[in-house]
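What follows is a set of notes on a single structure, which appears directly below.
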Amino acid sequence: MSDAEAVARTAALLKQRLGPGAPRIAVLLGSGWSPLAAEVQDAVDVTYAELPAFPVLAVGGHAGLLRAGRLGGVEVLVLAGRQHAYETGRADGMRGVIRTLAAIGIRVLVQTNAAGSLDAALRPGEVMLVGDHINVPQLSPLFGESGDGRFVDLSAAYDPALRAQARAAAARAGIALHEGVYAWVMGPQFETPAEIRMLRSFGARAVGMSTVPETILARHAGLRVLALSLLTNMAAGMEPVPLSHAHTLAGAAAGSERALRLLVAVLQALEC
Ligand code: HPA
1 MSDAEAVART
11 AALLKQRLGP
21 GAPRIAVLLG
31 SGWSPLAAEV
41 QDAVDVTYAE
51 LPAFPVLAVG
61 GHAGLLRAGR
71 LGGVEVLVLA
81 GRQHAYETGR
91 ADGMRGVIRT
101 LAAIGIRVLV
111 QTNAAGSLDA
121 ALRPGEVMLV
131 GDHINVPQLS
141 PLFGESGDGR
151 FVDLSAAYDP
161 ALRAQARAAA
171 ARAGIALHEG
181 VYAWVMGPQF
191 ETPAEIRMLR
201 SFGARAVGMS
211 TVPETILARH
221 AGLRVLALSL
231 LTNMAAGMEP
241 VPLSHAHTLA
251 GAAAGSERAL
261 RLLVAVLQAL
271 EC
């Protein structure tokens, strides 16, 4: 089956399973944000394994579940589980997912992730709106694409109007929402202190191992993008503690409740 066929089949299957009135917003859940899936009302679930264009996710990692329903009264399609570039060395693991979203009428991709903070004033548990990104490995999910469409404009990759709506929603909800540049690194190893100093000198405020490939795919497919980073730890060398996955998960759990409230408020404010 070609990629295009897999997307067409997946889109047809989803339309059948989800019925009429497909949502316009998809929310891709990153580490620390997964409790959000449990908040979805009138949920209809489809596992990634049932969807030919979706990646097969490593056992024991992310669930690989698509859940349609309502969050804070807003129709959404929640995606729990992404394939990371560090699993394969490639940035195109979510290509079929993003193209399927576009094919079923999704207009906005809201991405969430966990990230390390490069700013002493931005503490674990706080949330940063991604204003822009730095693709540190300079990998693309569009390698091998043809056509002029592959030369995607990223000069406003994180939709300015959606960001303004998100800022206003956070202010109304009384939850601090910072904003800054997210640096994408390959991982799976954490950074060295020297790498963190370099990224800070580049203007990055947060660092993480996801999101950027999906943003590129989404812009290529014509979706608008909004992204929120939950800061789970201070980046390497900023505090005298070694980093570990367990450390970042603990940081995520600490901030997760507030982050979820913020996300629901943002979803309610999005005009799309
Ligand atoms: N570095 C890279 N990715 C991350 C980090 C970090 O410090 N924290 C959470 N994801």
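The working numbering puts the sequence shown at residues 1 to 272. Heads up, the beta-carbon is just placed ideally off N, CA and C, and yes, glycines get one too. Remember, predicted model here, so these are calculated numbers, not experimental data.
Original post:
So, is F151 buried or exposed, given that buried needs 16 or more other C-beta atoms within 10 angstroms?
Top reply: In the sequence shown, counting from the first residue as 1, residue 151 sits at position 151. Exposed, since its Cβ has fewer than 16 Cβ neighbours within 10 Å.
Original post:
Can you name, in chain order, every residue of its own chain whose Cβ lies under 8 Å from the Cβ of L267, other than the five neighbours on each side?
Top reply: If you number the sequence shown from 1, residue 267 lands on position 267. Only I25, V27, L71, G72, V74, V76, V110 meet the Cβ criterion.
Original post:
Cα-Cα, which of T47, W184, V56 is closest to A68?
Top reply: Working through the sequence shown from its first residue, we reach residue 68 at position 68. Nearest of T47, W184, V56 to A68, Cα basis: T47.
**OP:** Per DSSP, which residues does H133 bridge with? Please list them.
**Re:** Taking the sequence shown and counting its residues from 1, the one referred to as residue 133 is at position 133. Y182.
Original post:
What are the residues that DSSP puts in a beta bridge with E75?
Top reply: Taking the first residue of the sequence shown as position 1, residue 75 is located at position 75. Bridge partners of E75: R70.
Original post:
Less than 7 Å between the CB of F190 and some heavy atom of the ligand HPA, yes or no?
Top reply: Within the sequence shown, the letter at position 190 stands for residue 190. Answer for F190: yes, Cβ within range of the ligand HPA.
Subject >> Beta-carbon contacts of L101 that lie in its chain and below 7 Å, excluding the five residues immediately before and after >> reply: Taking the first residue of the sequence shown as 1, we reach residue 101 at position 101. Closer than 7 Å at Cβ, skipping near neighbours: A26, L109, L223.
Original post:
Under a Cβ-count criterion, where at least 16 other Cβ atoms within 10 Å of its own Cβ denotes burial, should T88 be classed as buried or exposed?
Top reply: Position 88 of the sequence shown, counted from the start, is the residue given in the question as residue 88. That one is exposed.
**OP:** Please indicate yes or no: does the CB of G187 lie closer than 7 Å to some heavy atom of the ligand HPA?
**Re:** As a first step, residue 187 is located in the sequence shown; it is residue number 187 there, counting from the start. True, at least one ligand heavy atom lies under 7 Å from that Cβ.
Subject >> For S244, the three-state DSSP class (helix, strand or coil) >> reply: Taking the sequence shown and counting its residues from 1, the one referred to as residue 244 is at position 244. Coil.
Original post:
Taking DSSP as the reference, what is the three-state secondary structure of R107?
Top reply: The residue you call residue 107 lines up with position 107 of the sequence shown. Note: R107 maps to coil in three-state DSSP.
Original post:
With DSSP run on the structure shown, which of helix, strand or coil describes R123?
Top reply: Your numbering for residue 123 matches position 123 in the sequence shown. In the structure shown, R123 sits in coil (DSSP, three-state: anything other than H, G, I, E or B).
**OP:** Evaluate the contact criterion for the segment 245-258 versus the segment 143-157: three or more CB pairs, one atom per stretch, below 8 Å.
**Re:** no
Subject >> Complete runs of the alpha helix (DSSP H) confined to the segment 195-224 [at least 4 residues] >> reply: 212-220
Original post:
For R90, which option in A269, L142, F54, P52 has the closest C-alpha, if you only look at C-alpha atoms?
Top reply: In the sequence shown, residue 90 corresponds to position 90, counting from 1. Ranking the options by Cα distance to R90, first place goes to L142.
Subject >> Spatial distance of A170 from L177 (CA atoms) >> reply: In the sequence shown, counting from the first residue as 1, residue 170 sits at position 170. In the sequence shown, counting from the first residue as 1, residue 177 sits at position 177. The straight-line gap from Cα to Cα measures roughly 6 Å.
Original post:
What number of angstroms, rounded off, separates the C-alpha of A37 from the C-alpha of T192?
Top reply: The residue given as residue 37 occupies position 37 in the sequence shown. The residue given as residue 192 occupies position 192 in the sequence shown. Between A37 and T192, the C-alpha separation is close to 33 Å.
**OP:** Mind checking which residues open and close the alpha helix (DSSP H) that includes A26?
**Re:** Numbered from its first residue, the sequence shown carries residue 26 at position 26. Note, A26: premise wrong, no alpha helix (DSSP H); beta strand (DSSP E) at 25-29.
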